[in-house]
Each structure stands twice: as C-alpha cells, then as structure tokens.
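A.B. asks: Start counting the sequence shown at 0; every next residue gets the next number (numbering that gives the first Met the number 0).
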Amino acid sequence: MAGTKKVLVAGASGYLGRYAVREFKKRGYLVRALVRNPEKIKTPGPHGEPAVYDFVDEIVIGDVTNPESIEGICNGIDIVFSALGLTAPDPKLTSFDVDHLGNGRILQQALQQKVSRFIYVSVFNQDKMPDIPTIKAHELFVADLKASGLSWAVIRPNGYFSDMGRFFSMARSGHLFMVGEGEKKINPIHGADLAIVCADAANGESREIPAGGPDTYTFREVMEMAFLACGKSPWITTLPMWLAEGSLAVAGLFNRNLADLLSFAVEALKFDHIAPSYGTHHLKEFFAELAASDKHEV
C-alpha cells in the first residue's frame with residue numbers, strides 16, 4: 000500500500016491519464032491532477048474512459064506551455080506520472096512544444112522538489128521511426144529524463160484501445176481508408192491494463208517497459224472487426240503507401256502540425272507492433288461496448 004504518498008498525474012484528462020488517476024487512487028495515493036479544463040474529467044471520455052473528478056484530491060488548472068500556470072506543480076509530490084503529449088493538431092503548438100519542452104518544465108520542478116521517481120509514457124518501436132517529429136519530441140524528453148539523475152521509468156505502449164477506437168469511428172460512417180495492405184500486426188492495450196503497468200512502475204530500478212495487450216491482430220483484422228461491431232459490411236479502400244506519403248508532403252505545405260501527426264500514423268503501418276502482453280481487456284469487447292453506447296445514445 001502506498002500510504003499517503005502523493006502522485007502528480009500530468010495529462011489527467013486524456014485516455015490513459017484518467018485510468019492512471021483511478022489506479023493510483025485505488026492503491027492509496029493522494030492524487031494531484033494537472034488539467035487544462037477540469038470540466039472534462041467530470042464526464043466519461045469518448046472511448047469509455049471514466050469520469051475521474053471524484054477520484055482526484057487536488058486539481059491544478061495549468062498549461063505546460065505557460066510556465067507561470069504550473070509554478071509549484073511538484074511541491075509536496077513523491078512521484079510524477081506524465082502521459083502528457085500533443086494528440087491533435089494545434090495551430091500554435093507542436094509536439095516539440097508540448098511533449099519535449101512542456102514535460103521538461105515539469106521535470107525541472109521535480110528536480111527542485113527532489114521527487115523520488117518520474118514515470119513517463121513514450122512510444123513503442125521508437126527506434127524504427129526516429130525521424131518522425133512526434134517520436135523525436137518524445138525521445139528528446141526521454142533523453143533529458145535519463146540524464147536528470149532522477150529515478151525514472153519509461154513506459155512504451157504500442158497502441159491504445161482509444162487509437163483503435165478511431166477505426167471504429169470511421170467504420171461507423173460506413174467506409175474506411177487503409178494505407179498499405181494492412182498485413183502488419185499489433186496487440187494494442189486497454190487504458191485500464193496499461194494504468195496497472197504504469198502504477199507498478201512506481202517502484203524498482205530505472206527501466207523501460209514496453210507494453211501491449213493480450214490479443215494480436217493485423218490492422219486489416221482490426222478494421223474488419225470494427226465494421227462487424229457496427230453491424231456493417233466491411234468497406235475498405237486501400238491506398239498505396241507512396242500515395243499516402245505524397246499526400247503528407249502536400250499536407251505539410253498547408254498544415255505542418257497536421258502533417259507531422261499524420262506522418263506517425265502512416266509510418267506506423269509499415270511494420271509490426273507486437274509488445275510484451277499485459278492485461279485482460281479484449282479489443283473485440285471494447286468495440287462491442289462502443290457499439291452498445293452508440294445504440295444507447297440513439
């Protein structure tokens with residue numbers, strides 16, 4: 000039992016952040032949540048992630064790109080957990096601003112306050128995609144963390160169920176575009192299962208922890224499963240890789256941040272993402288839950 004240790008959860012309103020809040024609280028930690036908008040954590044997320052407002056002991060409303068707003072964020076904190084990162088295009092910010100510099104500001108305060116451990120969520124297969132801007136930003140921070148002298152853990156999930164939920168959203172519309180043949184494999188992990196891995200990482204030596212879920216599928220199988228959960232016949236249009244890469248180049252002329260984020264999605268479809276297996280949640284059941292919530296809303 001963690002007793003009265005206090006954890007800072009940065010990115011607490013995101014998919015993994017919400018599950019991490021709940022898991023740390025369940026283990027007896029006092030939880031300080033860093034969010035930009037506290038209203039978000041009062042209701043469930045778009046992929047079934049829990050409302051966690053009532054699990055949080057303290058809320059800090061701040062933005063890591065605005066240093067003044069997060070002043071004192073690590074005061075009295077024992078452990079920092081950060082799942083903070085840019086997940087959608089922003090007209091003013093890049094992954095470098097948020098993933099690297101933003102987490103860096105938290106790290107500086109963690110060092111000043113002599114926090115005992117810093118747990119950071121990065122990406123699996125980063126060595127195969129070193130030139131992708133989002134990966135680069137993550138790994139610049141990982142390098143800073145390792146050089147800081149703090150005890151650390153770097154969690155490397157290969158894909159969240161919420162990422163697979165985007166396939167479900169597209170399947171719901173009746174049509175899905177797939178880059179390449181979709182034959183590469185992945186064993187994505189549910190947020191609740193990954194939160195257990197993250198909370199377990201609060202103790203022990205400094206280490207990297209790759210993590211995936213219990214079931215492995217090809218990307219095409221994931222898409223077909225999403226259609227079946229929606230009650231629709233699979234309609235998948237295959238785009239050749241060269242066309243997708245050409246489209247990224249064009250997108251980059253108009254919206255650099257969008258192109259940077261999409262480049263990760265395209266590059267990730269070029270190889271397998273099979274990580275060590277954790278957890279008990281199954282993707283097929285997750286899609287069924289999303290389909291059931293659709294019917295409930297109707």
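Note that the Cβ used here is the ideal one computed from N, Cα and C, for glycine as well. Since this is a predicted model, take the numbers as computed values, not measurements.
With a CB to CB cut of under 6 Å and the five nearest residues on each side skipped, what residues in its chain are close to residue 236?
C.D. replies: Residue mapping note: residue 236 aligns to position 237 of the sequence shown, counting from 1. Contacts found: 176.
A.B. asks: In this structure, how does DSSP classify residue 94 when only helix, strand and coil are distinguished?
C.D. replies: Reading the sequence shown from its first residue, position 95 is the one you call residue 94. If DSSP states are grouped into helix, strand and coil, residue 94 belongs with the helices.
A.B. asks: Would you tell me roughly how many angstroms separate the C-alpha atoms of residue 206 and residue 289, rounded to the nearest one?
C.D. replies: In the sequence shown, counting from the first residue as 1, residue 206 sits at position 207. In the sequence shown, counting from the first residue as 1, residue 289 sits at position 290. Rounded to the nearest angstrom, the two C-alpha atoms are 35 Å apart.
A.B. asks: CA-CA distance, residue 238 and residue 149?
C.D. replies: Stepping through the sequence shown from its first residue, residue 238 is reached at position 239. Stepping through the sequence shown from its first residue, residue 149 is reached at position 150. Taking the straight line from one Cα to the other gives about 45 Å.
A.B. asks: Report all residues from its chain with a CB closer than 6 Å to the CB of residue 4; omit the five preceding and five following residues, and keep chain order.
C.D. replies: As a first step, residue 4 must be located in the sequence shown, where it is residue number 5. Contacts found: 28, 77.
A.B. asks: Quick check: the stretch 34-49 against the stretch 85-102, are at least 3 beta-carbon pairs closer than 8 Å?
C.D. replies: These segments do not touch.
A.B. asks: Can you give me the Cβ contacts of residue 281 inside the same chain, cut-off strictly under 7 Å, excluding the 5 residues immediately before and after it?
C.D. replies: Walking along the sequence shown from the start, residue 281 turns up at place 282. The residues are 213, 214.
A.B. asks: Please identify the residue among 10, 14, 292 whose C-alpha is closest to the C-alpha of residue 192.
C.D. replies: Along the sequence shown, one-based indexing puts residue 192 at 193. Nearest C-alpha to residue 192: 14.
A.B. asks: Please report the distance separating the alpha-carbon of residue 1 from that of residue 274.
C.D. replies: Position 2 of the sequence shown, counted from the start, is the residue given in the question as residue 1. Position 275 of the sequence shown, counted from the start, is the residue given in the question as residue 274. No answer about residue 1 holds up, because its pLDDT of 45 lies below 50 and its placement is not dependable.
A.B. asks: Around the C-beta of residue 267, are 16 or more other C-beta atoms found within 10 angstroms, so that it is buried, or is it exposed?
C.D. replies: Stepping through the sequence shown from its first residue, residue 267 is reached at position 268. Residue environment for residue 267: buried (at least 16 other C-beta atoms within 10 angstroms of its C-beta).
A.B. asks: So, is residue 22 buried or exposed, given that buried needs 16 or more other C-beta atoms within 10 angstroms?
C.D. replies: What you label residue 22 is simply residue 23 of the sequence shown in a count that begins at 1. Per the 10 Å Cβ criterion, buried.
A.B. asks: According to DSSP, what are the bridge partners of residue 57?
C.D. replies: Sequence index remark: in the sequence shown, residue 57 carries index 58 (1-based). Beta-bridge pairing links residue 57 to 31.
A.B. asks: Could you tell me the alpha carbon to alpha carbon distance between residue 297 and residue 218, rounded to whole angstroms?
C.D. replies: For the purposes of this step, residue 297 is taken as residue 298 along the sequence shown, with counting starting at 1. For the purposes of this step, residue 218 is taken as residue 219 along the sequence shown, with counting starting at 1. Note that residue 297 scores 42 on pLDDT, short of 50, meaning its location in the model is unreliable; the coordinates nonetheless yield the value given after this. Roughly 29 Å separates the two Cα atoms.
A.B. asks: Would you kindly work out how many angstroms separate the C-alpha atoms of residue 309 and residue 279, rounded to a whole number?
C.D. replies: For residue 309 there is no data in the structure shown, the boundaries of the chain being 0 and 297.
A.B. asks: May I ask you to report which of helix, strand or coil DSSP gives residue 5?
C.D. replies: Numbered from its first residue, the sequence shown carries residue 5 at position 6. Reduced to three states, the DSSP call for residue 5 is strand.
A.B. asks: Where does residue 224 fall in DSSP's three states?
C.D. replies: Locating residue 224 in the sequence shown gives position 225, counting from the first residue. Three-state DSSP puts residue 224 in a helix.
A.B. asks: Mind checking which residues open and close the alpha helix (DSSP H) that includes residue 133?
C.D. replies: For the purposes of this step, residue 133 is taken as residue 134 along the sequence shown, with counting starting at 1. 132-146 is the extent of the alpha helix (DSSP H) around residue 133.
A.B. asks: Can you give me the start and stop residues for the beta strand (DSSP E) that residue 119 sits inside?
C.D. replies: As a first step, residue 119 is located in the sequence shown; it is residue number 120 there, counting from the start. Note, residue 119: beta strand (DSSP E), 116-120.
A.B. asks: Below 8 Å on the Cβ atoms is my guess for residue 190 versus residue 160; work out the distance and round it to an integer in Å.
C.D. replies: Here residue 190 refers to the residue found at position 191 when the sequence shown is read from its first residue. Here residue 160 refers to the residue found at position 161 when the sequence shown is read from its first residue. In this structure residue 190 touches residue 160 by the C-beta definition: roughly 7 Å separates them, less than 8 Å.
A.B. asks: Applying the criterion that 16 or more other CB atoms from any shown protein chain within 10 Å of the CB defines a buried residue, is residue 10 buried or exposed?
C.D. replies: Taking the first residue of the sequence shown as position 1, residue 10 is located at position 11. Flag for residue 10 reads buried.
A.B. asks: I'd like to know whether the C-beta atoms of residue 98 and residue 137 end up nearer to each other than 9 Å.
C.D. replies: Residue mapping note: residue 98 aligns to position 99 of the sequence shown, counting from 1. Residue mapping note: residue 137 aligns to position 138 of the sequence shown, counting from 1. The beta carbons of residue 98 and residue 137 sit closer together than 9 Å.
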